[in-house]
Structure formats: C-alpha cells, structure tokens
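These notes concern the structure reproduced below.
Residue numbers (my numbering): 209 to 1230.
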C-alpha cells in the first residue's frame, strides 16, 4: 500500500509543480524589473544631472554625485528587501485562506456562551419527526421522520444494521449537526435553546472507536471533568475520582501495573495500549463526572467477555438514576435495557423489552438467535464462572514485569541501540556547506539548470566591480565642459543603461531558473521524506516526538524551508559572495595599502559576527522547531479527534493549552533573539566603521599624493558596495539556519534503516507459491519503548493451510501483539516465526506482506473514493477490475449500501472515512483485504462494528474462502460467536497460551473459555 500512497501524494505534488512552474516567468519578471529599474535610475540620474550642470541649472558636480549616491544607497536598501518578496507573496496567499477560516461563522459554535443553563436536569429526551442527511451527502437520507421518547433515568438501547442511523442519533444529541427537520427536546426544552457547553457537559459519551489524547492516563481520565464543578479541584481530589472511575470501568488493575501507573504516557492515539484498555479508560472518562445523560456507542465492543461482564455490571449501576442510551451489536450487553429499539433505514421497526421482543419473534429475535452461544455445560454455575473470571482478571495485565533470559537481554540490547538511532538529538548535524552540497549533488537532473544559474550568478556578481570602475570614471566627467561634458555624460549614462539591460537578462533568467529549481526540489524532498517516514518500523512511530501532527508539520514546512534557500536566495548568496570576493580583489589590486586596510579590517569581524549569529539562530531554530512540532501535534490531534473534543467540551481547554505553548515559544525565544540581533547590529555597525576607516585612511593617502582620485574612488566605492553586499548576506541567516535544520532532519530520516526492511540479501526471498503451515516456536517479545516489560512469553503453535484459528482472551493479554508479530510490524525478541521451512524474519517484508492482509479493530480509510480505498489493497491496479471490487464488496456485505449511494463506488469517504458509519468503514476495510485474495488473513476484531446479519454473511464468505483456497485465517475476537467454528481457539492470559482447542472441546473443559462463553450467552439468567 505504501507505494500507492506515495504515488498518490506525488500526483498532488505534480499538480502543485505545474502550478508552481507557471510562476517562473512572473518571478523572473519581478526580479529583473527591480534591478533594471535600479540601474536605469542611475543612468537617468547621471544623464539628467550632467545636462543640468552643463546648462548651469546646478552650480557644482557635488550635487549630482550626492543625488547619485543617494539613489545608490536607496537602491541597495531596496535590493535587501527583494529576497522577502517571495515571503510576502506566500504570506498574503496564506493569509487569504487563513482569514477565510477565521472569519467563517460556524452553524454550531462550541464557544458561544449564549443559551439556557437549567439548574436541574431530569434527562427526559423527546425526538419528534426527525429527518437528517449529512452535509456531504444531501441525497442520502439517514433518518426519516424519526420519533422516539427516551424516558428520564431509564436505559434505552438502539440496535440494528450498520448505517441504520443509530450513531447519527447520538451525533444529533451531541449537536455535532443540525437536523434537516424535526426537533429534539431535553426536559421539554429544544436543545438548540440550551447553552452548547452546558449541554455537552451534562451528556457524556463513549464512542465505538475511543480516542485518547497524547498524555498520561490520569490526564485522559481527567478530561471528563472539563466544564464540571470538579474541573478546578486539587490534584489529590481529582486522583480519588479518577481511581474510583477506573475501578468502576475495570481499568484500575491494569493501570496500576503499567510502568508508571496513572502517570504512564499512553502515546499518540493511545497506541501503547490495547483496544480494550483504551475503551475502559474512555468509559472511566465518561463516568467520572457523574453525568445526567450517558451515551454508549458500542462502549464494550473491544472488551473481552470477562471484562465486558464486569464493566457491564458497573455500567448498569452507573446507568441507574440517569438517562442512558446504548448502541450495541452485542445484544448480551443490552438485554436488561428498559426499552430496546430496533432500527432499519432510519426508522423504528420494533421496540420493547428483551422478553417482549423475543415474544414477537421478529427482527430482534432473529438477531438474538444468530448471536446466542449454545452452551452445553450448564452444570457450571454462574457463581463459579464469576469467581474464576475474577481470578483470571487478577492475573491479567498484559504488561507484567519479569526477569529476562540472556537471549532476551541480547534482543533488548539491540532494541536499545535502535532506539538511540531513532533519537534525532544523537544525529551528527552537518553545516551549511555540506547541506547545500549534498542537496545539489542529489539533483542530477537539474545540473544543467544549476550550471546556467551559476553562470548567471557570476555575471550578476561581476556587475559590481564594473559598477565601481564606472563610478570612479564619473569623477573625471566633470573636468570637461560644454559639448564634451554632455558627450561624456551621455556615454556613461548609456553604460549604466547597458548594465541595466544586462541585469534585466541576468535576473530574469535567475528568477525563472531558481523558481524551477525550488519547485522541483520541494517535490523531490517532500516525496522522499514521506517515503522515508512510511518506510520506518512501527517503533519509530511509537516515540513521543513522532506523532502524526509533528511529522505532518515537518513534512509541510521543512522541504519548503530548504526550497527557500536553494531557490532564489541561494543565487543571491552566490552573487553576494562573488561580489565581496571580486570587490576585495579589485580594491587590493587598485590600491593595496587602502585595500588591505579595509578588507582585513572589516571582513574578518563581519564574518565572525555573521558566524556567531548563524550559530545562535541555528540553536534557536532547533529549539523552537521542537516546540512548534509539539504545538502542531496538539492541533493535529485535536482536529483529528474533533468529535471527542466536542463531546467532552474540550475546545477552550485545548485552545488555552495551544495558546500557552505558542506564548511559551515566544517568551523563551526572546532572549536568544536579542542575543542574535546584537551580532546582526554589530555587523551593520562594522559596515559603517569600515567606510569611516576607508575614508579617513584614503584621505591621508591622497594628502600624501600616494593615490590618485580614481584609485581612491575605486577602492572606496568597492568597499561601500562590499559592505552593502555583506549586509545583504546577513539578511539570509534566518533562511540559512532554517534550511540547514530542515536539511539535517530530512537527511536523518532518510538515513534511518528500519530493522524490518528489504535488503540485498532478502530481495528475492518471498513465501513459496504453494500454501505452507505457519509455525511459532517459543516466541517472546517486548516493545522497544518498554524493554523491561514482557508482552509475550514463550508462544508456540502450528497453523496448517486452510485453517481458521482464533486468539481470545482478556484485553491486553497479547492477542493484537501476536498479529503485529505475524504481520512483521515487529520481530520477536527471541524465538522464531516460520512459514513452512522459512523464517519470516529472513523474508523480504514486501513480498511476505504481499501474501497477507490485515483488517484492524479501528479500520483506517483514506481521503478519496470508496473505489480508491478498496483498490489500495491490490498491488497491480491495472489488473484490478470493477468485477473484482464488486465481488469483494459483496463478500463484505457492503455492496448493497454502495449501490444505494448516488455516486456508488465513486462516493468520497471523507477524512479518515468519517462520512461513513463505523460498520460501513469496517466492511470497506474487509473488502479491501479480500480483494487481495491473501494466503494469510489477519482479522483483529474485524467484525466488532458489524451488525449480526452483516457479520454472519462476512463470516460465511471468509470461511468459504479459507476452505477452498487453503487460506490461513487468524482472528482476534471478543465476540465469541464469530469464532466458535474455528479449527482451533487459543486462549491467551498474561502473554501466554493457557488453553487451546475447538469450541466444543474448550466448552467441555469448563475453563476460562467456558466462562467467557457463559458471560456472553444471551439466555443466561432468563
């Protein structure tokens, strides 16, 4: 998939390149016109001044020289701001988009303080004649005249097929959207009349795909106190509530055994926790504030049966005395609801209690029958199951501290070495010369253009010594009179105009070429950087500094920063360097005494001041770069999880946090900026001091008749122009430091060699064409970021071709880690995983993964159409037909829904697929996996978001494909009805396999698996 995503990104870059190339003549015209007008101004000034002097309108030549040098100084100042023209243009363009966003008035303003804030809330909700279509799909009506009452302090459950409108009800209650028609009332008040922040703090929600924020466990649970009376409570008081809520959600035990307990960092999107652990923390976050209304959208879908039973009891207790709306596909979790509403296509088709609906023998009864696990071991009492379940829960942490063996310590040592390489601070930084040189060397296709650019720079730099010589000769013009004076004046005015024409050509070519070079370098480095990032091991993304927001920010800014230097700025720096060198040579060659004094007296201090400023700005850019990356990560995380942010009313908190981060950057940067500007000011002062020194010493040499006036003016004007050039050079220090920092970071990312990667040794080593068994031999594993915490301990198993095996167990016991190992996201710390006679660690990961497919618990769809998302699963897109896509969609039971959409397969999924329901996203992800026709299929809670009917159809399709094609199917599941037909079920506990066998054999044992089945049996207790 990586090459496809990189290619898609490159297509966008190519479109941007075409638009950028259109600016080349514009930039060429902009810069060339500037320099043409400057030298044309010299010509006009001198020509007109000489004629006025000859006509007696000016009494002395000093006036002409004064005006001319005034124009030269003004022009020099103008050229110093020319490099910022690009920045001005980009800022103006960015400001236009920025102000459009800032000035946009939201239909539902979360920061609006207006609206009613009733003191008492009973929680009675009335939905009347509600109709709704999503703004991105006006033609698809999700709810049709929906009417339903949610009684106060009662539990109402919504069940039905994926896409039937259940989660849409929740979104409308949370006021994420405004209904097309109809009304929603809470205690008789229309919700649009209520203060939105007040509303959302009285309603708490647990989503189907829970989102935790980068921070500690404590901070994440405390987010549930935002906007409540406990928001500003002392930390000790908050901790008591946090622990109480976590105990209620069955999360306290595993949190206590994390390396730092409640202060453990969960990582970006809680990537360091299992799905069940995340969901339990999310439940604690929702219930910590004791809300009046509780919304549970598949709140226990990621929990194992034991945890689910315990959490469900806690939720039942928490639901007492409050209005609770539950959305569930696991019907065992809602059978005790006061009212169960079956939805279909945005309408109510059945409602009643569990027993009433079973008596109707309708849609709900069919769902129950499809899910009920037939338990043949009724002799075991519920009490026994509960007792053993508690004992098992006590043993389970998934993150237990253990002493490691010698071989394991070797794996840990290697992991630690890799972690050192992944730390950018350990990277040996390169200087400006190496960064520029390596960038130029890489652009072989641009060498002809770069060569022509360098020739233009030579010509541009040579203009200044010529200008000094012309200025020196101007003094002799005023020794003539009459027609001779006019003739000389016309001649040198013409010389200035010829220089102007030369500059017009030079800078037009430079402007054109430099924009072309900059645009291509930006495309090259953006593509290279994305490809390097996507090529990294998963442990690269486990690091706190490599969040999505931080990496996206760097991907956006750093190639641009390098472009700003390698484009027009680099050519101007070359010109300035050529100018300074040429003028110094000319000054020394013309009058070595004066030349050496001003060159040696001024150049070394200038270079020293400039060097110190660059060092200081480089250090400042490194520090601020890290801080800006952190602020970008915060903003990116908040935007990506905007629904969670809105439901928790965290907008003000995140804005304050972001504002504090930005203000902190400014506050801590001021001393460094002042220090840097001291050296900049010193460099500007040295320029004037050198002029004073040159004028004083030159006058002494003139008084002793050692120099002629011509020699003096050549050296003095040369010194003046060199000083102006040096001052201009120091205007680029910010651009230089940012480019060096960007170049170093991009070089570091591209230099990283992932452990799991394609090498010359494994280039042609892939799985055999004939189906092979998968053999795990004593596999042990610890995460690289937590080398002292063992996750898997001695896993051994054999899976034959055509078999369907399942991993079950409590949350955090290592099931999903096993999938990550089998997919080669990580390699074992010790032991081996073999496919037939081949150790998969020795195979080319690209070829190996070409035989596998994975559907994750939280499926990720990308911006684009449904067709594009499904086709991402197929390597050879030219061989992919619509028939193959449709067949995969039918197997995933999503094709009927796709057909109902106005644009069918060409319907946009939206960012992260949020235009679709959770079940629809999951079925598209299953279709994306099935279109590959993989030899090995990994399903990590792949059907957790599916309704019972869809789940049954998908399971039958998967079973058929496994049996016919000798496909190995490995499923992780908490909903045991989905895996009871597996050839072998492995029960995990604490990173080990404690039971294995078929459903029937495990039920006969009456062990942990039996208790898990009992916890999910719908007829239990009836």
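Where is the CB? At the ideal position from N, CA and C, for every residue including glycine.
Within the same chain, show all residues whose beta-carbon is closer than 7 Å to that of residue i, passing over the 5 residues directly before and after it, in chain order.
i	result
residue 341	348, 349, 350, 388
residue 932	284
residue 211	none
residue 613	Any reading at residue 613 needs caution, since the residue's pLDDT is 39, under 50, leaving its predicted position unreliable; the model's value is listed next. Nothing listed; no residue qualifies.
residue 1044	976, 980, 981
What would DSSP say about residue i, mapped onto helix, strand or coil?
i	result
residue 988	strand
residue 998	strand
residue 1025	helix
residue 459	coil
residue 976	coil
residue 474	coil
residue 316	coil
residue 827	helix
residue 542	coil
residue 686	coil
Can you list, in chain order, the residues of its chain whose CB lies under 6 Å from that of residue i, leaving out five sequence neighbours each side?
i	result
residue 1064	1148
residue 693	262
residue 1194	1015, 1201, 1204
residue 1034	1028
residue 183	Past the edges of the chain, shown from 209 to 1230, lies residue 183, and the structure says nothing about it.
residue 330	360, 395
residue 950	766, 769, 770
residue 415	505
residue 250	704
residue 817	887, 890, 891
residue 1230	The predicted position of residue 1230 is uncertain, since its pLDDT is 36 and thus under 50; a value taken from the coordinates is nonetheless stated next. Here the set comprises nothing.
So, is residue i buried or exposed, given that buried needs 16 or more other C-beta atoms within 10 angstroms?
i	result
residue 267	exposed
residue 884	buried
residue 968	exposed
residue 505	buried
residue 543	buried
residue 346	exposed
residue 687	exposed
What does the alpha-carbon distance come out to for the pair residue i and residue j?
i	j	result
residue 461	residue 489	12 Å
residue 822	residue 767	20 Å
residue 984	residue 1042	6 Å
residue 1023	residue 1196	7 Å
residue 679	residue 923	11 Å
residue 1054	residue 971	9 Å
residue 537	residue 545	14 Å
residue 578	residue 856	36 Å
residue 403	residue 334	18 Å
residue 1218	residue 364	30 Å
residue 642	residue 659	18 Å
residue 634	residue 480	24 Å
residue 677	residue 798	10 Å
residue 930	residue 715	20 Å
residue 1099	residue 1157	12 Å
residue 366	residue 434	28 Å
residue 380	residue 1152	24 Å
residue 257	residue 927	25 Å
residue 636	residue 953	10 Å
For chain D, check one thing: does any of its Cβ atoms lie closer than 8 Å to the Cβ of residue i?
i	result
residue 576	Absent from the structure is chain D; it holds one protein chain and no more.
Report the residue from the options whose alpha carbon sits nearest the alpha carbon of residue i.
i	options	result
residue 358	951, 332, 422	332
residue 894	925, 874, 934, 926	934
residue 661	250, 778, 1027	778
residue 1112	633, 1090, 1133, 1130	1090
residue 476	758, 633, 787, 274	758
residue 539	529, 531, 571	571
residue 1084	708, 941, 485, 1139	1139
residue 420	484, 386, 398, 411	484
Under the criterion of a Cβ to heavy atom distance below 7 Å, does residue i qualify as lining the ligand SAH?
i	result
residue 1176	Among the ligands in the structure shown, none appear at all, so the ligand SAH cannot be discussed.
Enumerate in chain order the residues of its own chain whose CB-to-CB distance from residue i is below 8 Å, with the five nearest sequence positions on each side excluded.
i	result
residue 734	217, 221, 763, 767
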